[in-house]
Amino acid sequence: MQGLVLSRGLRGTLRTRRITTLGYTRKWSSSDAIAGGGPLGIFDAIIVARSPVRTLGSLIPDAIQVIKQAANVDELKIKKVKEETIVGNSRGLDLANLAMEIAELKDQIASNKAETDLVSRDQEAWIKYLLFHHSRYELIRGRFLVSFGRKKDRVSIKEDRKLVEQGNLVAHWGDAVFDATLYPHKVTDTEIFRMLYGVLPKEMQRIKNHNTIYALNTHAGVLGSDSKEGSPRFTDLFNHFIQVFKESDFDESYTEGAEVTCACDNFIDSAETEVKRIRPSRRS
280 MQGLVLSRGL
290 RGTLRTRRIT
300 TLGYTRKWSS
310 SDAIAGGGPL
320 GIFDAIIVAR
330 SPVRTLGSLI
340 PDAIQVIKQA
350 ANVDELKIKK
360 VKEETIVGNS
370 RGLDLANLAM
380 EIAELKDQIA
390 SNKAETDLVS
400 RDQEAWIKYL
410 LFHHSRYELI
420 RGRFLVSFGR
430 KKDRVSIKED
440 RKLVEQGNLV
450 AHWGDAVFDA
460 TLYPHKVTDT
470 EIFRMLYGVL
480 PKEMQRIKNH
490 NTIYALNTHA
500 GVLGSDSKEG
510 SPRFTDLFNH
520 FIQVFKESDF
530 DESYTEGAEV
540 TCACDNFIDS
550 AETEVKRIRP
560 SRRS
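Mapping of the sequence shown onto the numbering used here: position 149 corresponds to residue 428, and the numbering continues sequentially without gaps.
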C-alpha cells in the first residue's frame, strides 16, 4: 500500500524537527513556512509512504498510520517548485516534480500544436496554389498547341477557340506569388510590381492567404489587360484595401466584420460591376 497526504495551510501540523532546505540542514518548525511560502505564506505539505496491504477494510486507517509514521521518521525537505513552496519527504517531492514536468509537457504540447497548425495551414495554402497554377498552365500549353495548328491550317473547332481565349486570359493575368520570385535577379524595377499588385515583391513573403492573392492578381490582371478596363471606383477600392491591409500589419485572418475583411470583399465584388470590356489594341 502506498500512502499519500497533501495539505496546504498557513501553519503546518509538523512537529519541530530537522528539515533539509537548499542543501543545508537547520532546525525548522512548520510555522516558519509562513515567511518563506507562496502568497499569504501558504505552503504545500506532500508526504508519500508505502506499506503492505492487510485487508481492504483497513486501507484507510492503515494509510493514516503509515503517513504519520513517515512524517515522524522520514527526513523532510523544503523545495521551491516554480512559485510554490513544497515540504515533504523524498517521494512526496518526486511527486511534486512529476506534476511540474507534466504541466511543462502540456505547455510544450500546446505550443507544438500551434506551430503544427500554422505549418499545416501554410502547406494547405501552397497546395491550393500549386493546383490552381497547374490548371492555368494547362490552358497556356493548350493555347500553344491550338495556335500552332492554326498556322498549319488545321481545322479549328469551337472548343479550340475557347481554349485559346482562356489561355490568353491566363497569360495576361496577374500572378503575384510567382512574379515576386523574379525580383531582383530577373526583373529589377520594383515600381512595376507595386503598380500592379499594390505591394513590393519582398512583402509577398508575408502574404499567404488565397483571398489576398486573388485580390492582388485581379487588380494586376485588369490593369495589364488590353481587353478590360477598371473604373475609377475599381481603382479606389483597391487602393483602400491595400491601405487598410498595410495598416493592419498584413493581417490575413479576415475575421467577420473587420475593416480589412470588408475592404477586400468590396474590391473583389467590384470586379463584377466596375470592370468593362474594351476593344483590344493591336499588339506589335
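Even glycine gets a Cβ: it sits at the ideal position worked out from N, Cα and C.
Here the structure is a predicted model, which means the values were calculated and not measured.
Would residue i be called buried (16 or more neighbouring beta carbons within 10 Å of its own) or exposed?
i	result
residue 332	exposed
residue 489	exposed
residue 491	buried
residue 476	buried
residue 371	buried
residue 553	buried
residue 563	At residue 563, the pLDDT of 44 sits below 50, so the modelled position is not reliable and the matter cannot be decided from this model.
residue 457	exposed
residue 546	buried
residue 357	buried
When DSSP builds the beta bridges, which residues end up paired with residue i?
i	result
residue 371	Partner(s): none; residue 371 has no beta bridge.
residue 366	324, 357
Go to residue i, then tell me how far its beta strand (DSSP E) extends in each direction, as first and last residue.
i	result
residue 324	322-329
residue 333	Premise fails: residue 333 is in no beta strand (DSSP E) and is neither H nor E.
residue 554	554-556
Could you tell me the distance, in whole angstroms, from the CA atom of residue i to the CA atom of residue j?
i	j	result
residue 293	residue 383	Here residue 293 scores only 39 on pLDDT, less than 50, and its place in the model should not be relied on; the value that follows carries that caveat. Each residue's Cα considered, the two are about 30 angstroms apart.
residue 343	residue 379	26 angstroms
residue 581	residue 393	Outside the shown range of the chain (280 to 563) lies residue 581, about which nothing can therefore be said.
residue 555	residue 510	8 angstroms
residue 485	residue 505	30 angstroms
residue 315	residue 389	A caution first: residue 315 carries a pLDDT of 46, below 50, which makes its placement in the model too unreliable to give a value.
residue 515	residue 363	59 angstroms
residue 463	residue 544	31 angstroms
residue 386	residue 354	33 angstroms
residue 352	residue 398	54 angstroms
residue 474	residue 391	40 angstroms
residue 533	residue 416	29 angstroms
residue 341	residue 366	22 angstroms
residue 347	residue 381	28 angstroms
residue 529	residue 500	22 angstroms
residue 465	residue 459	10 angstroms
residue 336	residue 360	36 angstroms
residue 527	residue 497	21 angstroms
residue 520	residue 542	5 angstroms
residue 324	residue 330	20 angstroms
residue 493	residue 467	24 angstroms
residue 401	residue 487	7 angstroms
The alpha helix (DSSP H) with residue i in it runs from where to where?
i	result
residue 338	338-352
residue 475	469-476
residue 458	455-459
Is residue i near the ligand ADP, with its Cβ less than 7 angstroms from a heavy atom?
i	result
residue 489	Questions concerning the ligand ADP fall outside what the structure shown contains, since it holds no ligand whatsoever.
Distance cutoff 8 angstroms, beta carbons only. Does residue i sit that close to anything in chain E?
i	result
residue 479	Of the protein chains in this structure there is only one, and it is not chain E.
### Message
Which runs of the alpha helix (DSSP H) at least 4 residues long sit entirely within the stretch 484-535? Give them in chain order.
### Response
489-502, 511-526
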